[in-house]
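In terms of the working numbering, the sequence shown opens at residue 1103 and continues consecutively.
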Amino acid sequence: MNDEVEPAAPDAGPTVPELQRRLAEFAAARNWQQYHTPKNLASALTVEAGELLEIFQWLTPEQAADVMSDAGSAHRVRDEVADVLAYLLQLCTVLEVDPLRALAEKIERNESRFPAP
């Protein structure tokens, strides 16, 4: 992975490399890197995705579409989305996958596989 971090535009959120660096520093400060194997990170990612799904499990489609209008459920959704993204970024760091490049390449393949009518 490229260690250079480009500065973010004014008022922009953190960049992917900045978030990956912060997550790595957080884990290192707690000596957690030993547990951050691809298998463990993929497992944790799946667990967190399940926790995100749990929020919507018994909701009707209308209730699910309205979930962000309730402060409590919106907070839970944001927390679980953050957990999913954190584990995905940590997995990408360990495997040296550029997540944005991987996504761009996948979109290109899908555009070829599934052309618009």
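Beta carbons: idealized from backbone N, C-alpha and C, even for Gly.
Would Q1135 be called buried (16 or more neighbouring beta carbons within 10 Å of its own) or exposed?
exposed
Any contact between the region 1191-1202 and the region 1150-1158? By contact I mean 3 or more CB pairs, one from each, below 8 angstroms.
no
Would you kindly check if the distance between the Cβ of A1129 and the Cβ of H1138 is under 8 angstroms?
yes
Quick check on H1138: does DSSP put it in helix, strand or coil?
coil
Looking only at its chain, what residues have a beta carbon closer than 7 angstroms to the beta carbon of L1183, apart from the 5 residues adjacent to it on each side?
Reading off the sequence shown, one finds Val at residue 1183, where the question assumed Leu. Excluding sequence neighbours, V1183 sits near L1154.
If you measure between the beta carbons of L1190 and V1118, is that distance less than 8 angstroms?
no
Considering Cα atoms alone, identify which of A1114, A1146, K1141 is closest to A1188.
A1146
For P1140, which option in L1121, D1168, V1199 has the closest C-alpha, if you only look at C-alpha atoms?
V1199
Can you tell me which of the three DSSP states G1115 falls into?
coil
Hey, how far is the Cα of P1220 from the Cα of L1143?
Within the shown structure, residues of the chain are numbered from 1103 to 1219, placing residue 1220 beyond reach of any answer.
I think V1186 touches V1179, with their Cβ atoms under 8 angstroms apart; what is that distance to the nearest whole Å?
About 11 angstroms separates the two Cβ atoms, so there is no contact after all.
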